[in-house]
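K.L.:
The structure is given below, and queries will be raised subsequently.
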Amino acid sequence: MKLQIIRKIGRHATAIFLITGICLLTSKGIVPTGMITLLLLAGGFFGFLFRILVMIFKILILLFIVGLFVA
4 MKLQIIRKIG RHATAIFLIT GICLLTSKGI VPTGMITLLL LAGGFFGFLF RILVMIFKIL
64 ILLFIVGLFV A
């Protein structure tokens with residue numbers, strides 16, 4: 004179980020590093036040659052962001068419902 008968590012953290016850290024590199028190169032006007040590969044690797048990061056967004060949305064709904072009961 005711990006090994007899976009470490010693997011997921013490493014995968015997300017790698018994706019963040021790759022996306023940062025893509026953004027920095029693009030801002031300098033250089034288009035990376037392996038753009039398709041980099042974007043495929045970054046797909047895991049976008050999935051991670053989507054899961055975080057869904058979790059935040061669920062928490063906001065929960066806080067709204069709790070606020071209705073308290074008020």
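According to my numbering, the stretch in the sequence shown is residues 4 to 74, in order. The C-beta atom is built at its ideal place from N, Cα and C for all residues, glycine as well.
1) Using the three-state DSSP reduction, which class does residue 33 fall into: helix, strand or coil?
2) Work out the CA separation of residue 55 and residue 63 for me, nearest whole Å.
3) Does DSSP classify residue 4 as helix, strand or coil?
4) Relative to the C-alpha of residue 46, which candidate in 70, 9, 17 and 29 has its C-alpha closest?
P.N.:
On the basis of the data shown:
1) Coil.
2) Whole-angstrom Cα-Cα distance: 12 Å.
3) coil
4) 17
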